[in-house]
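A.B. asks:
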Amino acid sequence: KNEVEQSPQNLTAQEGEFITINCSYSVGISALHWLQQHPGGGIVSLFMLSSGKKKHGRLIATINIQEKHSSLHITASHPRDSAVYICAVRSGATNKLIFGTGTLLAVQP
Amino acid sequence: GEEVAQTPKHLVRGEGQKAKLYCAPIKGHSYVFWYQQVLKNEFKFLISFQNENVFDETGMPKERFSAKCLPNSPCSLEIQATKLEDSAVYFCASSQLSDNQPQHFGDGTRLSIL
Numbered sequence: 311k312n313e314v315e316q317s318p319q320n321l322t323a324q325e326g327e328f329i330t331i332n333c334s335y336s337v338g339i340s341a342l343h344w345l346q347q348h349p350g351g352g353i354v355s356l357f358m359l360s361s362g363k364k365k366h367g368r369l370i371a372t373i374n375i376q377e378k379h380s381s382l383h384i385t386a387s388h389p390r391d392s393a394v395y396i397c398a399v400r401s402g403a404t405n406k407l408i409f410g411t412g413t414l415l416a417v418q419p
Numbered sequence: 844g845e846e847v848a849q850t851p852k853h854l855v856r857g858e859g860q861k862a863k864l865y866c867a868p869i870k871g872h873s874y875v876f877w878y879q880q881v882l883k884n885e886f887k888f889l890i891s892f893q894n895e896n897v898f899d900e901t902g903m904p905k906e907r908f909s910a911k912c913l914p915n916s917p918c919s920l921e922i923q924a925t926k927l928e929d930s931a932v933y934f935c936a937s938s939q940l941s942d943n944q945p946q947h948f949g950d951g952t953r954l955s956i957l
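One line per chain: the protein sequences are A and B, in this order. In terms of this note's numbering, the first sequence opens at residue 311 and continues consecutively. In terms of this note's numbering, the second sequence opens at residue 844 and continues consecutively.
(1) What are the residues in the region 903-934 of chain B lying within 8 Å of chain A by C-beta distance?
(2) Helix, strand or coil for residue 929 of chain B? Go by DSSP, reduced to three states.
(3) Starting from residue 953 of chain B, trace the beta strand (DSSP E) in both directions and tell me its first and last residue.
(4) State whether the region 936-955 of chain B contacts the region 847-856 of chain B, with contact taken as three or more CB pairs (one from each stretch) at a distance under 8 Å.
(5) Straight-line CA distance for residue 327 of chain A to residue 898 of chain B?
(6) Using alpha carbons as the reference points, say which of B:943, B:956, B:954 and B:955 lies closest to residue 341 of chain A.
(7) Do residue 939 of chain B and residue 853 of chain B have their C-beta atoms within less than 8 Å of each other?
(8) If distances are taken between C-alpha atoms only, which option among B:957, B:937 and B:956 comes closest to residue 353 of chain A?
(9) Counting beta carbon pairs with one atom in the region 910-926 of chain B and one in the region 868-882 of chain B, are three or more of them shorter than 8 Å?
(10) Quick check on the burial criterion: 16 or more other C-beta atoms within 10 angstroms. Buried or exposed for residue 882 of chain B?
(11) Please state the DSSP three-state secondary structure of residue 907 of chain B.
(12) So what does residue 393 of chain A bridge to, in DSSP terms?
(13) Hey, residue 413 of chain A and residue 321 of chain A: beta-carbon distance below 8 Å or not?
(14) Which of the three DSSP states is assigned to residue 374 of chain A in this structure?
(15) Let me check understanding here. Comparing Cα to Cα, which of A:349, A:344, A:363 and A:325 lies closest to residue 356 of chain A?
(16) Once the 5 residues before and after residue 902 of chain B are set aside, which same chain residues still bring their CB inside 7 Å of it?
So, in structure tokens, the structure goes:
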């Protein structure tokens, strides 16, 4: 079993829909990253959080440390949101990241 | 610079040849991390540095992989005697000297071993 699990693996949505991607982890962490990877391959860090909730534009990330679970929400989704969304946890004393397997999101116009 | 700069973007090598990848971290960032992405989304941690010192090398294959971060030079990841299985995208990330700082990723180097 992977230490970081994401669901769903694939998600297709219509433009304007509210989207939720989930991440569960089984290790102790100091922080959790949500990353976005576009087809070109570059990785953008969307959020880093260790508690509570963060919001940036149409993106909201939440984390529940007790339940070892985080969610990424996208409100009013748009085709340009189409990408792979990756949950990665910072674990251990050396801050290395352990990655989930990603969620491929396709938003159709 | 204000971005993590990785070169080259693409590197093609024949099996058995050497491959060397470079990473210039964001100015002022003390930590550098190397990750390997194989297949779709399987990321593997390789090695990290705190300035020029190896910080964590638990992910490095010992036999053919080596890495350095020397003062006033880009960090490097070198693979000797490459194998087909080394084909992957190699990402470098850097962060500031604090537990509360995120890692910033470069665009990666796509290594293809033929």
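Beta carbons: idealized from backbone N, C-alpha and C, even for Gly. Predicted model only: the values in this text are computed from it and were never measured.
C.D. replies: Straight from the coordinates:
(1) Cβ contacts with chain A come from 932 and 934.
(2) In the second sequence, residue 929 of chain B corresponds to position 86, counting from 1. Looking at residue 929 of chain B - three-state DSSP - the assignment turns out to be helix.
(3) Stepping through the second sequence from its first residue, residue 953 of chain B is reached at position 110. According to the DSSP assignment, residue 953 of chain B belongs to the beta strand (DSSP E) that extends over 952-956.
(4) Yes, they touch.
(5) Along the first sequence, one-based indexing puts residue 327 of chain A at 17. Along the second sequence, one-based indexing puts residue 898 of chain B at 55. Answer to the nearest angstrom: the Cα atoms are 43 Å apart.
(6) By one-based count along the first sequence, residue 341 of chain A stands at place 31. The residue with the shortest Cα to Cα distance from residue 341 of chain A is B:943.
(7) For this step, residue 939 of chain B is matched to residue 96 along the second sequence. For this step, residue 853 of chain B is matched to residue 10 along the second sequence. Not a contact, by the Cβ cut-off of 8 Å.
(8) As a first step, residue 353 of chain A is located in the first sequence; it is residue number 43 there, counting from the start. Minimum Cα distance to residue 353 of chain A is reached at B:937.
(9) Three or more beta-carbon pairs separated by less than 8 Å link the region 868-882 of chain B to the region 910-926 of chain B, which places the two stretches in contact.
(10) Looking up residue 882 of chain B in the second sequence gives position 39. In summary, residue 882 of chain B is exposed, with fewer than 16 beta-carbon neighbours lying within 10 Å of its beta-carbon over all protein chains present.
(11) As a position in the second sequence, residue 907 of chain B is number 64, starting the count at 1. The answer is coil: DSSP assigns residue 907 of chain B none of H, G, I, E or B.
(12) The count along the first sequence starts at 1 and reaches residue 393 of chain A at position 83. Paired residues: A:415.
(13) Residue 413 of chain A sits at position 103 when you count from the first residue of the first sequence. Residue 321 of chain A sits at position 11 when you count from the first residue of the first sequence. It is a contact, given that the beta carbons lie within the stated cut-off.
(14) Taking the first residue of the first sequence as position 1, residue 374 of chain A is located at position 64. Residue state for residue 374 of chain A is assigned as strand, using DSSP reduced to three classes.
(15) If you number the first sequence from 1, residue 356 of chain A lands on position 46. Nearest of A:349, A:344, A:363 and A:325 to residue 356 of chain A, Cα basis: A:344.
(16) Sequence index remark: in the second sequence, residue 902 of chain B carries index 59 (1-based). Taken in chain order, the residues that qualify are 887, 888, 889 and 890.
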